[in-house]
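As you go down the protein sequences, you meet chains W and U in turn. Its first residue numbered -11, the first sequence is counted upward by one per residue in the numbering used here. Its first residue numbered -11, the second sequence is counted upward by one per residue in the numbering used here. Down below is the structure, laid out as structure tokens.
Protein chains: 2
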Amino acid sequence: MSTTALDRSLVQRLVRNALSARLGNGHAPKLVVNVSARHCHVTPADLERLFGKGHQLTPYKWLYQDGFFAAEELVTIIGPRHRMIPNLRILGPCRDHSQVELAFTDAIMLGLDVPVRRSGDHRDSPGCYLLGPAGMIELPRGVIRHERHVHMGPSDADHYGVKNGDRLNLRIKSSCSAMFEDLLCRVAPATKLEVHLDTDEGNACDLAHATHYELFK
Amino acid sequence: MSTTALDRSLVQRLVRNALSARLGNGHAPKLVVNVSARHCHVTPADLERLFGKGHQLTPYKWLYQDGFFAAEELVTIIGPRHRMIPNLRILGPCRDHSQVELAFTDAIMLGLDVPVRRSGDHRDSPGCYLLGPAGMIELPRGVIRHERHVHMGPSDADHYGVKNGDRLNLRIKSSCSAMFEDLLCRVAPATKLEVHLDTDEGNACDLAHATHYELFK
């Protein structure tokens, strides 16, 4: 008997989600879904070790969020299987911690078992070697898979009924439709609404040919 | 007014899906979810061109489905960006068409724009070069992303209420939970229940550390 009873809150949630997905479209803020390919962030000190004393990052391409850029500077990452990935791009500006963000496909190829972490959380993460034109550095830790997340401003947070640190789901309609669950909401002033997936996620759902996105609780 | 009305069939479907997912667990046949890494199939004639006259495939590792195996034989695939992937494994037994199955991450690296296709459907698919120890062959077409699918026997099909060619959804619970939609059901006698994802999909949802799978309409 109890196995056939659907609990009321589940039905309510299903209906609420379906309603909000249907009603939200007309009023929703513009949702952008971008893929972050593998990249790294470096401290000013690590940048000097890799590129020489006094070196500054040169913007190569501005990103969707104001003030952030893909830099001209590229490094090579070397992992424990004696394999490497060249042309790993540095994102600017410099940060107070150096960090490498890989998709699992990249990490497995390099022989690294990387945890899923938010930026700056390097618990139990492996390290690697980074090679630049002026030198090689060893990061003792900080190679992670950056967990899927959505940047948003305060009014976007109001629209979705979330606060910083909450979670939302993302459905992508394409020839390989998928729903990614539990995207971390990162709410900050002067931020545009933008989902960041990694290349495994973007390729799994054929994001490049998506016909519809939907962000919901 | 019409925008606030949820249509009854949608509610019924949502409730039915939730119920069937909840009730199915106790009686469900054993569900196995495996990742197919990039690989190829070859005809006997192409096998001879790659490995020499009279060559036969040698089983290296038996697959979950009876009679199928990963072969000892490896080839190198060469794409239009003058990039190559070595150690592409042939799956046996030989088939009546040669075909390469790549994840999008692989295809993009090689410079190939591959369509999502079921096995043997090579419409609008690119070709490639395959290099073996006895020779190189050019496939004029047949490089595809194999669409996500689930193999099943007739009793599994009865359990899920599907027939050959129908679609099911797969939810995977992990540190990167996701739902993959529209898995093609491939029903055949003497077949074990097994989902095949590719490496992009398996890595996107961290299948290696999944705690729960669920297959539902």
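Beta carbons: idealized from backbone N, C-alpha and C, even for Gly. Fair warning: this is a prediction, and the values are worked out from it, not measured in the lab.
If we ignore side chains and look at the alpha-carbon of each, how far apart do N13 (chain U) and R159 (chain U) end up?
For this step, residue 13 (chain U) is matched to residue 25 along the second sequence. For this step, residue 159 (chain U) is matched to residue 171 along the second sequence. Legend: pLDDT at N13 (chain U) = 43, less than 50; position of this residue unreliable, value from coordinates given subsequently. One C-alpha to the other measures close to 13 Å.
Test: T187 (chain W) CB closer than 8 Å to a CB of chain U
The count along the first sequence starts at 1 and reaches residue 187 (chain W) at position 199. Yes, contact with chain U.
In the DSSP assignment, find the beta strand (DSSP E) that holds P74 (chain W) and state where it starts and stops.
Working through the first sequence from its first residue, we reach residue 74 (chain W) at position 86. Looking at the DSSP string, the run of the beta strand (DSSP E) that includes P74 (chain W) is M72 to G80.
Three-state secondary structure (DSSP) of G190 (chain W)
For the purposes of this step, residue 190 (chain W) is taken as the residue at position 202 of the first sequence. It is helical.
Go through its chain and collect everything with a Cβ distance to R133 (chain U)'s Cβ below 8 Å, but skip five positions before and after it.
Here residue 133 (chain U) refers to the residue found at position 145 of the second sequence. Around R133 (chain U): E89, L90, A91, F92, A95, V102, P103, V104, R105 and D186.
Three-state secondary structure assigned by DSSP to D54 (chain U):
Within the second sequence, the letter at position 66 stands for residue 54 (chain U). Reduced to three states, the DSSP call for D54 (chain U) is coil.
I need the boundaries of the beta strand (DSSP E) containing S24 (chain U), first residue and last residue.
What you label residue 24 (chain U) is simply residue 36 of the second sequence in a count that begins at 1. S24 (chain U) -> beta strand (DSSP E) spans V20 to S24.
Taking 7 Å as the cut-off, is the beta-carbon of I132 (chain U) closer than that to any non-hydrogen atom of the ligand FAD?
Absence of the ligand FAD is noted for the structure shown, with no ligands found whatsoever.
For a test of the three-state rule: what should DSSP assign to L185 (chain U), helix, strand or coil?
Against the second sequence, residue 185 (chain U) aligns to sequence position 197. Three-state result, L185 (chain U): strand.
Bridge partners for Q87 (chain U) per DSSP, in chain order?
Here residue 87 (chain U) corresponds to residue number 99 of the second sequence, with the count starting at 1. Paired residues: U:H29.
Nearest to H251 (chain U) by alpha carbon, out of U:H137, U:T64 and U:G42?
This structure cannot settle anything about residue 251 (chain U), because the visible part of chain U is limited to -11 through 205.
May I ask you to report which of helix, strand or coil DSSP gives D112 (chain U)?
Within the second sequence, the letter at position 124 stands for residue 112 (chain U). D112 (chain U): coil per DSSP, three-state reduction.
If we count Cβ pairs, one from each stretch, closer than 8 Å, do we get three or more for the region 164 to 171 of chain W versus the region 179 to 198 of chain W?
yes
Same chain only: Cβ atoms within 7 Å of T31 (chain W), ignoring 5 sequence neighbours per side
By 1-based counting over the first sequence, the position of residue 31 (chain W) is 43. Closer than 7 Å at the Cβ level, and outside the excluded window around T31 (chain W), lie C82, R83, D84, H85 and S86.
Could you check what DSSP says for E36 (chain W) in three-state terms: helix, strand or coil?
Sequence index remark: in the first sequence, residue 36 (chain W) carries index 48 (1-based). Helix, per DSSP.
On a Cα-Cα basis, can you pick out the residue from U:G40, U:A16, U:P121 and U:H147 that is closest to P74 (chain U)?
Within the second sequence, residue 74 (chain U) is the residue found at index 86, counting from 1. Closest option to P74 (chain U), Cα to Cα, is U:P121.
Please confirm whether G141 (chain U) and P177 (chain U) have their CB atoms less than 8 Å apart.
As a position in the second sequence, residue 141 (chain U) is number 153, starting the count at 1. As a position in the second sequence, residue 177 (chain U) is number 189, starting the count at 1. Contact flag set, yes.
Quick one, are the C-beta atoms of L62 (chain W) and L76 (chain W) less than 8 Å apart?
Reading the first sequence from its first residue, position 74 is the one you call residue 62 (chain W). Reading the first sequence from its first residue, position 88 is the one you call residue 76 (chain W). Yes; because the gap between Cβ atoms is below 8 Å, this pair is in contact.
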